[in-house]
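Okay, structure first, notes after.
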Amino acid sequence: GLIDGAHQNVGLGHAFLRHIQRCKALVLMIDMAGVDARKPWDDFKQLRRELELYDPEMLTKPFVVAANKMDMDESVSNLRSFKRRIRGVQVIELAAAFDEGVPALKEAMRSLASATDSN
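Just so you know, we're using my numbering here: the sequence shown kicks off at 1 and counts up by one.
As C-alpha cells, this is what we get:
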C-alpha cells in the first residue's frame with residue numbers, strides 16, 4: 001500500500017504508484033478501527049494526497065472505499081465520523097479477515113470496472 005512519502009519513492013513508492021496509475025479504478029482500503037490511534041478520515045486524505053502529489057490525474061479515477069476491520073468495536077463510531085467528514089464516496093463495509101463484506105466489495109469493483117469500460 002501507500003505510505004506517507006510514497007510520491008517521493010518512500011516504501012513501495014514509485015513502483016506501486018506506476019502500477020496503480022495503469023488501473024482504471026481504485027479501491028482505497030481504510031482501517032476503520034483506527035489502529036495506532038490513527039483516524040480513518042486522515043488516512044483517506046493522506047492516500048488521496050499521495051496520489052495527487054505523484055500524478056494529479058490519479059484523482060480523476062473512479063474509486064470505492066473499503067472500510068475494513070468492521071468487526072472491531074471502535075469501527076462503528078469511526079465509520080459514522082468518516083461518513084460525516086468524507087461525503088459523496090461509496091463505502092463498502094467489510095471484515096476482510098472473516099470474509100465479511102467481500103462479495104459486496106467484489107460487486108462494487110465489477111460495477112466500477114464495467115462503468116470505466118463503457119466510457
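For each residue, glycine too, the CB sits at the ideal point set by N, CA and C.
- Task: Identify every residue that forms a DSSP beta bridge with F63.
- Result: Partner(s): L26.
- Item | Collapsed DSSP secondary structure at V91 in the structure displayed | Reduced to three states, the DSSP call for V91 is strand.
- Message: So, under 8 Å CB-CB, K24 and A113 are touching, yes? Tell me the CB distance rounded to an integer number of Å.
- Response: Right, their Cβ atoms sit about 7 Å apart.
- Query: Hey, how far is the Cα of G101 from the Cα of L53?
  - Reply: In a straight line, the C-alpha of G101 is about 31 Å away from that of L53.
- Message: Please report the straight-line C-alpha distance between M58 and L26, rounded to a whole angstrom.
- Response: C-alpha separation (whole angstroms): 9 Å.
- Check whether A33 and K69 have beta carbons under 7 Å apart: In this structure, K69 lies closer than 7 Å to A33 by Cβ.
- Taking only beta-carbon positions, decide if M29 is within less than 7 Å of chain B. This model lacks chain B altogether, as it is built from one protein chain only.
- Item | Range covered by the alpha helix (DSSP H) that runs through K83 | Per DSSP, K83 belongs to the alpha helix (DSSP H) from 73 to 85.
- Message: Counting C-beta neighbours from all protein chains within 10 Å, is the total for S77 16 or more, i.e. buried, or is it exposed?
- Response: With fewer than 16 other Cβ atoms inside 10 Å of its own Cβ, S77 counts as exposed.
- Task: May I have the straight-line CA-CA distance separating I92 from A67, to the nearest angstrom?
- Result: Rounded to whole angstroms, the separation of the alpha carbons of A67 and I92 is 6 Å.
- Task: Return yes when the Cβ of V65 is within less than 7 Å of the Cβ of L28, no when it is not.
- Result: Yes, the Cβ-Cβ distance between L28 and V65 is below 7 Å.
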